[in-house]
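Read the structure below first, then the notes.
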Amino acid sequence: MPFAKSASAMTPTPPGRSQNTVKQRLASYQARLVLPLAIVIFYPMIAFLAPTNGRAEFYPFFAWHLFAKTSSHKADVVLLVHEIEGVRLDGPTLFFELRDDFAAARGQNIQLAKLLDDYVFAMARGDSETKASLNEVIENTYLRDRANVRYDVAIIYYHPIERYTDGTITDIRTVASNQKGML
Amino acid sequence: MTPLIRAGRRALGVQLGAGAPFRRITEIMPNAERVVVFYYAVSVLLTARMIADMHWLGRKTVEWDLLWPLAWAARLDIPLVIEVLSVMAFLTSVLAVQFHSRRAVRLAFVATFFLAMTAVNSVGGINHPYHAWFWVGLILVALPDGRTGAMNRHNRMSYLTVILSAQAIFMLFYTMAGLYKVYFGVDAIIEGVPGNFSFSALSWTIADRSVQTGTTPLLAELIIFNPALAWPAFISVLYVQVFAVVAVFRRRLHIVWGYALIGFHLGTWLLMEIIFIQHVLLLVVLLLLSPFAAGPVSMRAVVRELPLVGLLLRPLRSAASRPLQTGGQLGDT
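Laid out in structure tokens, this is it:
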């Protein structure tokens, strides 16, 4: 335990002070001494190993795997919109490009990307309950500005710098085709 | 147990004896209390912003994906619940500024803050701006009660240990983030595929983030097309992140690591338009204002303390000092 040596340098018990109280204080201090060590050991263990129940993390523990992995070949789960209010778009269009149709697209909220990751994980696990719940969030929160929308949840593959430069997407794999409202 | 503790101390570079953080307990207690007061004072600012954020979140969100701490709210008027929670978090933060010496108040703050931050993350997908703030708040609940001026030595040492723990958990988050990058980088090298240690790794990350969010950060293009600028910066960030938790136990590094990580957050804004303002504030409160931070120290002393670098320099230092200690060798040169 760090700083244990300092504990031994404690002032002697003044006459009249209960030995018991001093012991309690010492015990209280020693309990706190364990705190930094316990944090460094147990927090990562819980963050890495605790069951996530279909989520990306065991809230409020988080493994801090932010931008942990990069490569020249990236994949991203996206919403591809095909049709809005019965009008077919020129081609499958990324949700974030439809700023005139959806207020949420103007916000560029990265939470949608995380939600879509959870959606694909739920599908892979066969967890239809989580999938249905996330589907409602997609349609009633992100797509709320339009009553009738036909869209896909898809994984796109690309080289990040090529996509940045000219928008090139090398491959698209549709994982779910959904419809909000009547088209 | 003792040899194990000694080995742990040596590994972390914990300074005891003359340089020990607890050597001048009475002297550093006011600085430790300042950390706590500042934490709650800044909490007032964050929770005040939360009130407005919750108001708009409640209005725009139709479908909720409530996380477990807020599952009980499913049967209630959720927008109303989260507005009430944010107001409660604000009020308890204000109380905690004045009554930070009372555990009940600190506990009330962290409980209401936790519920309020859960609401932000109950719309599908979890963001992490408030996680560290919450965990530090939770650790501070363990502070001993009572006025610091009237505390006995045990309680003062307990107080400082809790502050150290708050620093440790916060820096642990950076270490975890760094270790993940190293792990995947090494994995890519083993697999023989492009990865985190590739020359263009940071350029790919920045370009990817930019196309994902449609943002155009100020320096993004410069780094995307000039990976030679990016690589040294990325490796430096990795070093600072991986050894962040070690720096907590080396008080001469507190200020250096504070500035380095604030620089990192400034960089993520300039390159990716991500700014963890809450983390920057925590770095100011916990590291730049660290009660354990050494006073003025020489650059040489800081370099000696640097994890890994200090270790690598040790043989050179010994070699340099040896001829002076053994006069016979001077004649050999």
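The listed protein sequences derive, respectively, from chains A and B. With positions in the first sequence counted from 1, the corresponding number in this note's numbering is that position plus 3. With positions in the second sequence counted from 1, the corresponding number in this note's numbering is that position plus 489. The beta-carbon is built from N, C-alpha and C at its ideal position, and this holds for glycine as well. Just so we're clear, the structure is a prediction, and the values are computed from it rather than from any experiment.
Relative to P618 of chain B, the option among A:R35, A:A53, A:F65, A:Q27 whose CA is nearest is A:F65. The residues R741, in chain order, have a CB closer than 6 Å to that of V786 of chain B in the same chain once the five nearest residues on each side in sequence are set aside. In the three-state reduction of the DSSP assignment, R109 of chain A falls in the helix class, which pools H, G and I.
I658 of chain B and V735 of chain B have their C-alpha atoms some 11 Å from each other. Around A521 of chain B, no beta-carbon contact reaches into chain A at under 7 Å, the shortest distance being about 13 Å. Contact note: F65 of chain A reaches chain B through H617, H620, using a C-beta cutoff of 7 Å and chain order. Proximity of chain A to A690 of chain B at the Cβ level (cut-off 8 Å) is accounted for by T73, in chain order.
According to the DSSP secondary-structure assignment, Y161 of chain A is paired through a beta bridge with A:K77. Close to E552 of chain B, with beta-carbon spacing below 7 Å, are these residues of chain A in chain order: E139, V140, N143, T144.
What V651 of chain B touches in chain A, judged by beta-carbon distance under 8 Å, is R35, L38, going in chain order. Here the region 640-650 of chain B lies against the region 31-42 of chain A, with 3 or more beta-carbon pairs under 8 Å apart. If you draw a 10 Å sphere on the C-beta of A135 of chain A, you find fewer than 16 other C-beta atoms in it, and that means exposed.
The beta carbon of N610 of chain B sits closer than 8 Å to those of L556, N616, all from its chain and outside the five residues before and after it, given in chain order. Proximity of chain B to S136 of chain A at the Cβ level (cut-off 9 Å) is accounted for by E552, D554, G613, in chain order. In this structure, the beta-carbon distance from S575 of chain B to A605 of chain B falls below 9 Å.
Within the same chain, P780 come within 6 Å of I517 of chain B by CB-CB distance, once the 5 residues on both sides are set aside. Unbroken beta strand (DSSP E) stretches of 3 residues or longer found wholly inside the region 545-576 of chain B: none. Under the three-state reduction of DSSP, V594 of chain B is assigned to helix. Take the alpha-carbon of T607 of chain B and the one of E680 of chain B: they are about 39 Å apart. Against chain A, the CB of I713 of chain B has a partner CB under 9 Å away; the residue lies at that interface. Going by DSSP, N138 of chain A is part of the alpha helix (DSSP H) stretching over 131-140.
For A106 of chain A, at least one C-beta of chain B is nearer than 9 Å to its own C-beta.
With fewer than 16 other beta carbons inside 10 angstroms of its own, G170 of chain A counts as exposed. Selection A:S75, A:E88, A:S180 evaluated against Y154 of chain A yields A:S180 as nearest (Cα-Cα). Interface residue (Cβ-Cβ distance to chain A less than 9 Å): W557 of chain B is classified as such. Restricting attention to alpha helix (DSSP H) runs no shorter than 4 residues, the region 609-691 of chain B encloses them at 620-629, 642-680, ordered along the chain.
Within chain B, no C-beta atom comes less than 9 Å from the C-beta of I49 of chain A; the nearest is roughly 12 Å away. Residue burial annotation: D104 of chain A is buried, with at least 16 other C-beta atoms found within 10 angstroms of its C-beta. The Cβ-Cβ distance between S699 of chain B and A709 of chain B falls below 9 Å. Taking every protein chain shown into account, the CB of E572 of chain B has 16 or more other CB atoms within 10 angstroms, so this residue is buried.
Contacts with chain B (Cβ-Cβ distance below 9 Å) from the region 112-127 of chain A involve N112, I113, Q114, L115, A116, K117, L118, L119, D120, D121, Y122, listed in chain order.
At a C-beta separation below 7 Å, Y46 of chain A has these neighbours in chain B: I658, L661.
Taking a C-beta distance under 9 Å as the contact criterion, T702 of chain B and F70 of chain A do not qualify as a contact pair. The C-beta of M646 of chain B has 16 or more other C-beta atoms within 10 Å across all chains shown, which makes the residue buried. When beta bridges are read from the DSSP output, Q182 of chain A appears opposite A:R153. G613 of chain B is a Cβ neighbour of V140 of chain A, given a cutoff of 9 Å.
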